[in-house]
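Peer 1:
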Amino acid sequence: MDLATQHRLIDRLLTHLDERTTDTSHAERRVPVTDYLDPAVHAAEVETVHRRRPLVVGHAGQLAEPGDFLTDTVAGTPILVVRDAEGGVRCHVNVCRHRGMRLVEEARGSGMTEMICGYHAWTYDPSGALRHIPDQRRCFPGVDKARHGLLPMSAWVDQGLVWLDPATAPSAPRSTAGADELDPALLAELAGYGFEEDAYYGGEVRQGRFNWKLGVEAFLEVYHFQTLHPAMKNYVFAPEVALIDSIGDDIRLVAPKKEVTVLADTPRAEWRLRPRVTVVYFLFPGTFLFVEKRHTSVLQIRPTGPETSTVSIFHFARQDGLRRKSALDRNIAAFLQAVTEDIAACESIQSGLRSGQEHLLFGRNEIALHAFRDALARRAAAAAPADR
C-alpha cells in the first residue's frame, strides 16, 4: 500500500474516532434465509462463483525448492501443486488416470521426484507425465502414456502467494489467464507488503456446519467483536469502527487499534498504517488476508454442501516477527480463538434458519456485507443465460 493511500485511510480513521462514526451503507438490507439453505442456490454458486475466479492456495515459501508440493481440494476437485525440476509451478488434478484414486494424500511436503499411485503403482513425474504402468505390455498395450498424464490446471505465484484458477479443470490450462480476473489495483496494493519475503508459518483446516456465505459475512464486520469475542473487550481494537472500500469485487477492511489515535499528535510524514491497524483484504468469493504488524493470516471459506463448509487457515511471518516467536504465537492463538468463536456462531445461526424467520438483517454499519452481496448478485447475473 503506497504512502498516500495510508495517509488518506488514517485521516478517515481519525475522523471516525473523533466523531464516533464509522463507514455505513445508505440503508438496511434483508436477505432471505432460503439463500443459506437451498441446494439449487448452492449448486449455482459453486459453478458460477467458486469455479470461476482464481483463489489463493498457499504461500510461495511452501514451494521454495524443486520437489516442494502442497495439496488441496477446490470446488470438489483434488489438486496437487508442485515446483518442478526446472523451477516452474505445476498444478494437476490429484487423481490417478487409471482408476481415479487420489494420488498424493499428504497436505504438503518436499523432495517429490515422482508420484506413485497407492492402488496400482501407476507413476507420474512432477510435470504430470505418466512415466510407468506396471505390466503395461500385457495389461495395457493400447494405452499411450503420453496421452494419459495428469489433468492440468493453471497455477502461478504472484505477490508471494500461490494462486490457482479453478476454471481450468479438467481441460487444458490457460497459463495465467485467470490472473486477468484479479483487479490490478488490488495486486498493486498487495505488492507494497513484500509478502514474498515472508516465511510460511503453519496452517490448519477446520470443518463447519454452516453455509459458506454465513462464514464470509461473519468476517466482514466488526460489530460483533465486543459481544462475541470476550477477550477483545479489553483488547487493542477501537470498538465498532471500520473503513470499508470495494476494489472491484474485492474489499479492503481496516480495523483500527486504539493506539492509532496517537497519530493525531504525530507529524504526518511519520504516519504508517500497518503497525496500528489490522488490514483485511477480502478476495471474492471466500478468501481473507488479515495483515498484522509482523505477520499475515490467510483464512478461506469454501462450500462443501448447502449447509457445510471448510475453513482453511495458514500464516506467514516477516523476519522481525520470526525473531519474536512467543509474541507471534500469542497473536496467532488469539486469532484462532476468535475464529473458533466465529465458527460456533455461524453454526448456531445455521441451526436456527428453519425456525420460521424469513430474513436475516444487515445493518447500515455492516457495509461490507452489502458489498459482498452486490458482487454475488453481479456474478449471478453475468452467468445467467441471455433471454431469447
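Its first residue numbered 1, the sequence shown is counted upward by one per residue in the working numbering. C-beta atoms are modelled at their ideal positions from N, C-alpha and C, and glycine is treated no differently. Model, not experiment: these values are computed from the prediction.
Give me the Cα-Cα distance between S171 and D35, rounded to the nearest whole angstrom.
Peer 2: Along the sequence shown, one-based indexing puts residue 171 at 171. Along the sequence shown, one-based indexing puts residue 35 at 35. Confidence is the limiting factor: at S171 the pLDDT is only 46, short of 50, which leaves the residue's position unreliable and the question unanswerable from this model.
Peer 1: Could you tell me the distance, in whole angstroms, from the CA atom of E65 to the CA atom of I10?
Peer 2: Counting from one through the sequence shown, the residue named residue 65 turns up at place 65. Counting from one through the sequence shown, the residue named residue 10 turns up at place 10. The alpha-carbon of E65 is positioned some 40 angstroms away from that of I10.
Peer 1: Just reading off the beta strand (DSSP E) that F282 is part of, what are its end residues?
Peer 2: Taking the first residue of the sequence shown as 1, we reach residue 282 at position 282. 277 to 283 is the extent of the beta strand (DSSP E) around F282.
Peer 1: Can you name, in chain order, every residue of its own chain whose Cβ lies under 7 angstroms from the Cβ of L130, other than the five neighbours on each side?
Peer 2: The count along the sequence shown starts at 1 and reaches residue 130 at position 130. Cβ neighbours of L130 beyond the five flanking positions: R97, W122, Y124, K145, H148, G149.
Peer 1: Taking 9 angstroms as the CB-CB limit, is A231 close to chain C?
Peer 2: Although the question refers to chain C, the structure presented lacks it and comprises just one protein chain.
Peer 1: May I have a chain-ordered list of the beta strand (DSSP E) segments no shorter than 3 residues that lie completely inside the stretch 61 to 116?
Peer 2: 69 to 74, 77 to 83, 89 to 93
Peer 1: How many whole angstroms separate the CB atoms of L80 and L103, which I take to be in contact at a CB cut-off of 8 angstroms?
Peer 2: Residue mapping note: residue 80 aligns to position 80 of the sequence shown, counting from 1. Residue mapping note: residue 103 aligns to position 103 of the sequence shown, counting from 1. Going by Cβ atoms, the distance from L80 to L103 rounds to 7 angstroms, so yes, they are a contact pair.
Peer 1: Could you spell out the range, first to last residue, of the alpha helix (DSSP H) harbouring F335?
Peer 2: Numbered from its first residue, the sequence shown carries residue 335 at position 335. F335 -> alpha helix (DSSP H) spans 325 to 351.
Peer 1: Which word fits Y281, buried or exposed, when buried means at least 16 other C-beta atoms lie within 10 angstroms of its C-beta?
Peer 2: Locating residue 281 in the sequence shown gives position 281, where the first residue counts as 1. Y281 comes out buried.
Peer 1: What three-state label does DSSP hand I313 in the structure shown?
Peer 2: Taking the first residue of the sequence shown as 1, we reach residue 313 at position 313. Three-state DSSP puts I313 in a strand.
Peer 1: Where does Q350 land, buried or exposed, given buried means 16+ other C-beta within 10 angstroms?
Peer 2: Your numbering for residue 350 matches position 350 in the sequence shown. Buried is the call here.
Peer 1: Less than 9 angstroms separating the beta-carbons of R379 and V49?
Peer 2: Position 379 of the sequence shown, counted from the first residue, corresponds to residue 379. Position 49 of the sequence shown, counted from the first residue, corresponds to residue 49. Their beta carbons are under 9 angstroms apart, which means R379 touches V49 by this criterion.
Peer 1: Taking G202 as the reference, which of L263, S309, R108 has the closest Cα?
Peer 2: Counting from one through the sequence shown, the residue named residue 202 turns up at place 202. Closest by alpha carbon: R108.
Peer 1: Hey, out of P78, M101, V216, A4, whose CA is closest to P166's CA?
Peer 2: Translated into the one-based positions of the sequence shown, residue 166 becomes position 166. Out of P78, M101, V216, A4, P78 has the C-alpha closest to the C-alpha of P166.
Peer 1: Are the beta-carbon atoms belonging to F316 and G160 less than 9 angstroms from one another?
Peer 2: Taking the first residue of the sequence shown as position 1, residue 316 is located at position 316. Taking the first residue of the sequence shown as position 1, residue 160 is located at position 160. Closer than 9 angstroms, so yes.
Peer 1: If you draw a straight line from the alpha carbon of R272 to that of L3, how long is it in whole angstroms?
Peer 2: Translated into positions along the sequence shown, residue 272 becomes position 272. Translated into positions along the sequence shown, residue 3 becomes position 3. The straight-line gap from Cα to Cα measures roughly 8 angstroms.
Peer 1: Per the contact definition of three or more C-beta pairs closer than 8 angstroms, is the stretch 194 to 208 in contact with the stretch 40 to 60?
Peer 2: yes
Peer 1: Return the Cβ separation of S110 and D158 in integer angstroms, given the expectation that the two are a contact with Cβ distance under 8 angstroms.
Peer 2: Reading the sequence shown from its first residue, position 110 is the one you call residue 110. Reading the sequence shown from its first residue, position 158 is the one you call residue 158. So it is not a contact: roughly 22 angstroms between Cβ atoms.
Peer 1: Does the Cβ-Cβ distance between V162 and V277 come in under 9 angstroms?
Peer 2: By one-based count along the sequence shown, residue 162 stands at place 162. By one-based count along the sequence shown, residue 277 stands at place 277. Cβ atoms of V162 and V277: not closer than 9 angstroms.
Peer 1: Assign A177 to buried or exposed, taking buried as 16 or more other Cβ atoms, counted over all protein chains shown, within 10 Å of its Cβ.
Peer 2: Position 177 of the sequence shown, counted from the start, is the residue given in the question as residue 177. Unreliable placement is indicated for A177, whose pLDDT of 47 sits below 50; no coordinate value is reported for it.
Peer 1: Would the beta-carbon of Q226 fall within 9 angstroms of that of V311?
Peer 2: Here residue 226 refers to the residue found at position 226 when the sequence shown is read from its first residue. Here residue 311 refers to the residue found at position 311 when the sequence shown is read from its first residue. No; because the gap between Cβ atoms is not below 9 angstroms, this pair is not in contact.
Peer 1: Less than 6 angstroms between C-beta atoms, sequence neighbours within five positions excluded: which residues of the same chain meet that for P134?
Peer 2: By one-based count along the sequence shown, residue 134 stands at place 134. Contacts found: A121.
Peer 1: Would the stretch 357 to 371 and the stretch 38 to 45 be scored as touching if the rule is three or more Cβ pairs under 8 angstroms?
Peer 2: The stretch 357 to 371 makes no contact with the stretch 38 to 45: fewer than 3 CB pairs, one atom from each, lie closer than 8 angstroms.
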